[in-house]
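Heads up: the structure comes next, in structure tokens.
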Amino acid sequence: MRKLVFTLMFLQLSFLAFAQHSDDSKYLKVLALYQDSLVDMGKKVINDDTEMERQNANIEFIKKLVKALKVPQSFNFGFDSVKSIHIINAPDNRFRIFTWFVQYDDGSYRYYGTIQMNTGDNRLVMFPLTDYTPFIKNPEDSVGSSKKWLGALYYQIIPVYAEKYPYYVLLGWKGNTVKTNKKVIDVITFRDDKPVFGHSVFDGNGKVRKRVVFEYTRQASMLLKYLPDEHLIVFDHLVPPDKKQKGNFEVYGPDLSYDGYRFKDGRWEFVENLDMRNKPDSHDNEFIDPKKQAEIDKASGN
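The following block contains the structure:
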């Protein structure tokens, strides 16, 4: 009798495992189809000739992405083929962030994105990000919700497990105008299970910042990266070619020296004149402009 019961239980578990595997395969196939559509739509968002065409393509892209994320197990699907968007997972796998942009005919940008939470039970919990950049007058002093977001394309998430509650530092690229680009060190926390951007953890130069924003000429590249072994965010020191042009960020660029923020006791302390000899020095290798990626894909026939 016991042998019969054991056999029945084994068969039942085997059936459930088979059914689960079958469901997994079905979901993966659906997600792969959505991915193919997003690849095509994403190319239009980046490459279509007119601003109106790019905006219309973006509307359809958003609709398709939301449908894709509603598919069970979508959190574990990488969408790696969709080169028009940047997707990064938090190292603790608590959430991931999708970010992308639409470029306007005047050379400026509008950013789009969403945060997808890892619910573990196939429920879709997401927070669409609304680019509020034109209305944020003092970005280094502001705190915003997902509806008041300083748009950027994020390429790295740094988790910080502080005493009171964890927060995450975000490194991002922010194409700005036809003449300047920006890079951003931002922070995301979750309060009442909702995302909040900006957090007073950056100390230096007699000021506490909620985020750090750099602006520089579009003709230059800027290093902004995290060195985990040293608990250090390092970046190029940006200066104008002439002191008389101080504040004119259209001419700012690296002067071959480096500053940074070093982590200490849950906060980030500004440090100057870092010795970066014998350390990796790659400018913008952490981020590929989707426009440039599209040109690479086109040249390679993808």
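In this note's numbering, the protein residues as written are 141 to 442. Positions of the beta carbon are idealized from the N, C-alpha and C atoms, including for glycine.
Using beta-carbon positions only, say whether Gly312 and Phe410 come within less than 9 Å of one another.
no
What is the C-beta distance between Phe342 and Tyr401, in whole angstroms, given that I count them as a contact (C-beta under 8 Å)?
6 Å
Should Ser285 and Phe337 be called a contact, given that it needs their Cβ atoms to be closer than 9 Å?
yes
Inspect the beta-carbon positions of Ser222 and Gln175 and report whether they are closer than 9 Å.
Correcting the residue type first, residue 222 is Val in the shown sequence and not Ser. Yes, these two residues count as a Cβ contact at 9 Å.
Let's see if you can read the secondary structure: which residues bound the beta strand (DSSP E) around Val206?
It is not in any beta strand (DSSP E) - Val206 instead sits in the alpha helix (DSSP H) that spans 191 to 209.
Quick check on DSSP: helix, strand or coil for Thr273?
helix
Kindly indicate the opening and closing residues of the beta strand (DSSP E) around Gly400.
393 to 404 is the span of the beta strand (DSSP E), which, as asked, contains Gly400.
Relative to the C-alpha of Asp246, which residue among Asn229, Gly315, Ala292, Ile227 is closest?
Gly315
Identity of the residues DSSP links to Met362 by a beta bridge:
In DSSP, Met362 forms no bridge with anything.
Buried/exposed call for Arg349, threshold 16 Cβ in 10 Å
buried
Are Leu269 and Gln256 closer than 9 Å when you measure CB to CB?
no
Grab the span of the beta strand (DSSP E) containing Phe217 for me, first residue to last.
Run containing Phe217: none; DSSP gives neither H nor E here.
Option nearest Ile298 by Cα separation, candidates Gly387, Leu290, Ile237, Leu168:
Of Gly387, Leu290, Ile237, Leu168, the residue nearest in Cα terms is Ile237.
Can you tell me where the beta strand (DSSP E) with Gln243 in it begins and where it stops?
235 to 243
Take every Cβ of the region 388 to 404, pair it with every Cβ of the region 361 to 372, and state whether three or more of those distances are shorter than 8 Å.
yes
If you count every other CB in all the chains shown that lies within 10 Å of the CB of Lys323, and 16 or more means buried, which is it?
Residue burial is scored here from C-beta neighbours: Lys323 has at least 16 other C-beta atoms within 10 angstroms and is therefore classed as buried.
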